[in-house]
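Read the structure below first, then the notes.
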Amino acid sequence: MSHYLAVLKMYAVVQGRCRRKTFWLFLLFSTLISLACSAIDELFGLVIFRDQGLLSLIYAVAVLIPSVAVGVRRLHDLDRSGWWLLIMLIPLFGTLLLLIYFCLRGTVGPNRFGPDPLDEPALSP
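First residue of the sequence shown: 77, per the numbering used here; consecutive thereafter.
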């Protein structure tokens with residue numbers, strides 16, 4: 077949970093690098109919270125537009141910027157520009173390529189985006 081909160085504290089920071097553990101734990105907790113919001117929406121009938129619930133929509137908007145920022149920092153760890161996130165606009169291929177990139181270990185040692193986050197104390201996003 078501390079990795080999730082660390083990403084939220086760096087709400088819109090796109091400078092620096094993010095290690096795999098922080099990225100994937102943020103994604104895991106974000107997914108779990110989103111599922112809980114959807115369950116609450118269904119339970120209390122808070123569906124406002126088609127299948128979109130009110131709490132789910134609020135949560136999705138709230139984590140949109142941190143999600144993009146942590147994705148950019150994860151790409152920085154691979155010594156790639158944050159603009160690579162736009163490759164997900166290519167159906168299937170783009171998403172699969174990003175998934176592969178997000179699973180790869182970052183560059184060892186410092187790169188043009190900053191020092192290696194594995195060399196720093198734990199919880200460095």
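Yeah, the Cβ is synthetic: ideal placement off N, Cα and C, and Gly gets one too. Quick caveat, the model's predicted, so the values are computed rather than measured.
With 16 other Cβ atoms within 10 Å as the buried cut-off, status of C179: The sequence position of residue 179 within the sequence shown is 103, counting from 1. Under this definition C179 is an exposed residue.
P186, buried or exposed, once every other Cβ within 10 Å from all chains shown has been counted against 16: On the sequence shown, residue 186 is found 110 positions in, with the first residue counted as 1. Flag for P186 reads exposed.
As assigned by DSSP and simplified to three states, the class of G147: Residue mapping note: residue 147 aligns to position 71 of the sequence shown, counting from 1. Helix at G147.
Whole-angstrom C-beta distance between L101 and Y80, which should lie under 8 Å: Here residue 80 refers to the residue found at position 4 of the sequence shown. Here residue 101 refers to the residue found at position 25 of the sequence shown. Contact between Y80 and L101 holds, with the beta-carbon distance rounding to 6 Å and staying under 8 Å.
Close beta carbons around S106, own chain, < 8 Å, minus the five adjacent residues each side: Translated into the one-based positions of the sequence shown, residue 106 becomes position 30. The residues are Y80, V139 and S143.
Complete alpha helix (DSSP H) runs within the region 105-150 (minimum length 4 residues, chain order): As summarised for the region 105-150, the continuous alpha helix (DSSP H) elements at least 4 residues long and confined to that stretch are 130-138, given in chain order.
At least 3 beta-carbon pairs within less than 8 Å: the region 162-173 vs the region 124-136: The answer is no - the region 124-136 does not touch the region 162-173, with fewer than three Cβ pairs under 8 Å.
Chain-order list of residues whose beta-carbon lies under 7 Å from that of Y135 (same chain, five-residue window excluded): As a first step, residue 135 must be located in the sequence shown, where it is residue number 59. Excluding residues within five positions, the ones whose Cβ falls inside 7 Å are I109, S110 and C113.
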